[in-house]
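J.: Can you keep this structure in mind? I'll have questions shortly.
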Amino acid sequence: MKKISIVIPAYNEEGNVTLIHEKIKEIFSGLKNYDFEIIFVNDGSRDNTQTKLEELSQKYEEIKYIEFSRNFGHQPAVKAGMDNAKGNAVISMDGDLQHPPELIPKMIEKWEEGYDIVFTIRTYPKQISIFKRKTSDFFYKILSSLSDVNLTKGGGSDFRLMDANAVEVMRNFKEDDLFLRGLTSWMGFKQTGIEFTASERASGESSYNLKKMLTFAFTGITSFSVKPLYIAAYLGFLLSGLSVFGYISYVIYAFVVKTEISGWASLIMTIVFFGGLQLIMLGIIGIYLGKIFKQVKERPNYIIKNKNF
Ligand code: UDP
Ligand code: MG
88 MKKISIVIPA YNEEGNVTLI HEKIKEIFSG LKNYDFEIIF VNDGSRDNTQ
138 TKLEELSQKY EEIKYIEFSR NFGHQPAVKA GMDNAKGNAV ISMDGDLQHP
188 PELIPKMIEK WEEGYDIVFT IRTYPKQISI FKRKTSDFFY KILSSLSDVN
238 LTKGGGSDFR LMDANAVEVM RNFKEDDLFL RGLTSWMGFK QTGIEFTASE
288 RASGESSYNL KKMLTFAFTG ITSFSVKPLY IAAYLGFLLS GLSVFGYISY
338 VIYAFVVKTE ISGWASLIMT IVFFGGLQLI MLGIIGIYLG KIFKQVKERP
388 NYIIKNKNF
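Given below as structure tokens:
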């Protein structure tokens, strides 16, 4: 019998862990040829998630848990689950039921067809307006063009199936700033995507706010490409080229027309503009420098305090 490991990061999901286990159990009761295990990764929850997990694991042998020493974030939690999974295939999904377990049989079907990675493409629910869809698509397009991996494909979710081979490859990555959906896309292998519509959170609150999402977007860009550095350099060349041109025309103008060009305000604005531009470029360099700084220390992505297997 083939075994499927389901990895579920859980941060303050006390209201959801029992529910998601029931749903998954139900799905697998319909899949006769597969065994399953659920690996919950408690990412330093501040509620009763840990007690719930311990209770569940005592009742059901398919329930495993990993407890982190503190909150390390969603991506390290998924990685930890995958590092410890023993299945022939590993499915990662959120613990709040926004990733419908009903999709699992279809993912397994694709895997059996020979795909090593089955990612999911999140489609918009009907209530979302055209305007919001378009702006979101636009945002992803910009991000993708800045980065060397396609962020739209499977964008917006870490709901995917990976064959044990691909998981083994992932296990050996030494990358500090994890961006799993980019890494899986970058890895290659035989991949396919299936669509799903995300539902509302079953209970509790989302822990992703705008600031976290922006940081995540920056990680996505800077982990996969040095394009921003090139843009900075090109912009530098362009602007200094333009300024030489402007300077020459000013000199010619001053000799031919013989009047001073006034414009204190525009001068100040120009200084402010270029001051800002230089800070942005320094910031971009700084982000890459910060990544190198974090990487050279070679700290682990997460610390496990306790696990039941
Ligand atoms: N999560 C986690 N650590 C965190 C934040 C979130 O393990 O620091 C988990 C969370 O329990 C959930 C998944 O990651 O299973 C997605 O989080 P959330 O639902 O808050 O994000 P959203 O769906 O709003 O993007
Ligand atoms: Mg969610």
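Position in the sequence shown (from 1) plus 87 gives the number in the working numbering.
Heads up, the beta-carbon is just placed ideally off N, CA and C, and yes, glycines get one too.
Fair warning: this is a prediction, and the values are worked out from it, not measured in the lab.
(1) When you compare only the Cα positions, how much space is there between isoleucine 390 and glycine 168?
(2) In terms of DSSP beta bridges, what is proline 96 paired with?
(3) So what does DSSP say about phenylalanine 399, is it helix, strand or coil?
(4) Which whole-angstrom value is the C-beta distance of glycine 246 and threonine 207, which I expect to be below 8 Å?
(5) What alpha helix (DSSP H) runs, 4 residues minimum, are completely inside the segment 198-278?
(6) Considering only heavy atoms of the ligand MG, does any lie closer than 7 Å to the CB of glutamine 32?
(7) Taking Cβ to Cβ, would you say phenylalanine 123 is nearer than 8 Å to isoleucine 150?
(8) When you compare only the Cα positions, how much space is there between asparagine 393 and alanine 97?
(9) Give a yes or no on whether the C-beta atoms belonging to leucine 233 and isoleucine 308 are separated by under 8 Å.
(10) Roughly how far, in whole angstroms, is the beta-carbon of leucine 248 from the beta-carbon of valine 205, given that I think they are within contact range, below 8 Å?
(11) What is the rounded straight-line gap between the Cα of lysine 314 and the Cα of lysine 221?
(12) What are the uninterrupted segments assigned as beta strand (DSSP E) that are 3 or more residues long and contained completely in the segment 135-172, given in chain order?
(13) Would arginine 209 and alanine 285 be called neighbours here (beta carbons separated by less than 8 Å)?
(14) Mind checking whether glycine 373 and phenylalanine 311 have CB atoms under 8 Å apart?
(15) Suppose contacts are defined by Cβ-Cβ distances below 8 Å. Is leucine 316 in contact with tyrosine 227 by that definition?
(16) Indicate whether aspartate 183 and glutamate 109 have their beta-carbon atoms separated by less than 8 Å.
(17) Please go through the same chain and pick out, in chain order, the residues whose beta-carbon is closer than 6 Å to the beta-carbon of glutamate 282, but skip the five residues on each side of it.
(18) With distances taken Cα to Cα, identify the nearest neighbour of alanine 253 among Val236, Lys277, Ile217 and Asp263.
(19) Just to confirm before moving on: does the CB-CB distance between lysine 166 and leucine 326 stay below 8 Å?
(20) Can you tell me the Cα-Cα spacing of valine 383 and leucine 190, whole angstroms?
(21) Roughly how many angstroms separate the alpha carbons of serine 290 and isoleucine 107, rounded to a whole number?
(22) Evaluate glycine 241 with the Cβ neighbour count: other Cβ atoms within 10 Å of its Cβ, from every protein chain shown; 16 or more gives buried, anything less gives exposed.
(23) Helix, strand or coil for glutamate 113, going by three-state DSSP, please let me know.
(24) Buried or exposed for isoleucine 217, please, with buried defined as at least 16 other CB atoms from any protein chain shown within 10 angstroms of its CB.
(25) So what does DSSP say about glutamate 282, is it helix, strand or coil?
(26) Can you tell me whether leucine 140 is buried or exposed? The criterion is at least 16 other CB atoms within 10 Å of its CB, across all chains shown.
(27) Tell me, to the nearest whole angstrom, how far the beta carbon of tyrosine 147 is from that of asparagine 395; I am working on the premise that it is less than 8 Å.
(28) Tell me whether histidine 161, by its Cβ, gets closer than 7 Å to a heavy atom of the ligand UDP.
(29) Just mark aspartate 224 as buried or exposed, buried being the case when its beta carbon has 16 or more other beta carbons within 10 Å.
(30) Do you know whose CA, among Gln185, Ser116 and Phe380, lies nearest asparagine 103's CA?
(31) State the Cα-Cα distance for the pair threonine 271 and isoleucine 335, rounded to the nearest angstrom.
T.: Checking against the coordinates, here is how it stands:
(1) Spanning the alpha carbons of isoleucine 390 and glycine 168 requires a straight line of approximately 12 Å.
(2) When DSSP reads this structure, proline 96 sits in a beta bridge with Val128.
(3) The structure shown has nothing for residue 399, since the chain only spans 88 to 396.
(4) Note on identity: in this sequence residue 246 is phenylalanine, with glycine being the wrong assignment. The beta-carbon separation of phenylalanine 246 and threonine 207, rounded to 5 Å, stays under the 8 Å limit for a contact.
(5) Counting whole runs of 4 or more residues, the segment 198-278 contains the alpha helix (DSSP H) stretches 217-233, 251-258 and 267-274.
(6) It is not possible to answer for residue 32, since the shown part of the chain is limited to 88 through 396.
(7) Isoleucine 150 is positioned such that its CB atom lies no closer than 8 Å to that of phenylalanine 123.
(8) Spanning the two alpha carbons is a distance of roughly 15 Å.
(9) By the CB criterion at 8 Å, leucine 233 and isoleucine 308 fall inside the cutoff.
(10) 4 Å between Cβ atoms; contact.
(11) Those two C-alpha atoms are separated by around 25 Å.
(12) Correct list: 150-155.
(13) In this structure, arginine 209 places its C-beta atom within 8 Å of the C-beta atom of alanine 285.
(14) For glycine 373 and phenylalanine 311, no; Cβs fall outside 8 Å.
(15) Cβ distance not < 8 Å, so leucine 316 and tyrosine 227 don't count as in contact.
(16) The criterion of a C-beta distance shorter than 8 Å is not satisfied by aspartate 183 and glutamate 109.
(17) Result list for glutamate 282: Ile208 and Thr210, in chain order.
(18) Closest option to alanine 253, judged by alpha-carbon separation, among Val236, Lys277, Ile217 and Asp263: Lys277.
(19) Inclusion of lysine 166 and leucine 326 in the CB contact set at 8 Å is not warranted, their separation being larger than that value.
(20) Leucine 190 has its alpha-carbon roughly 40 Å from the corresponding atom of valine 383.
(21) If I take the Cα positions, the gap works out to 11 Å.
(22) With a pLDDT of 46 at glycine 241, under the threshold of 50, the modelled position of that residue is not reliable, and the figure given next carries that caveat. When all chains shown are included, glycine 241 counts as buried.
(23) In this structure, glutamate 113 counts as helix in the three-state DSSP scheme.
(24) By the neighbour-count rule (16 or more Cβ atoms within 10 Å), isoleucine 217 is not buried but exposed.
(25) Per DSSP, reduced to three states, the secondary structure at glutamate 282 is strand.
(26) Per the 10 Å Cβ criterion, buried.
(27) The C-beta distance from tyrosine 147 to asparagine 395 rounds to 12 Å, too long to meet the 8 Å contact threshold.
(28) Of the heavy atoms belonging to the ligand UDP, at least one sits nearer than 7 Å to the Cβ of histidine 161.
(29) Flag for aspartate 224 reads exposed.
(30) From the listed residues Gln185, Ser116 and Phe380, the smallest Cα separation to asparagine 103 is found for Gln185.
(31) Distance between threonine 271 and isoleucine 335, taken at the CA atoms: about 52 Å.
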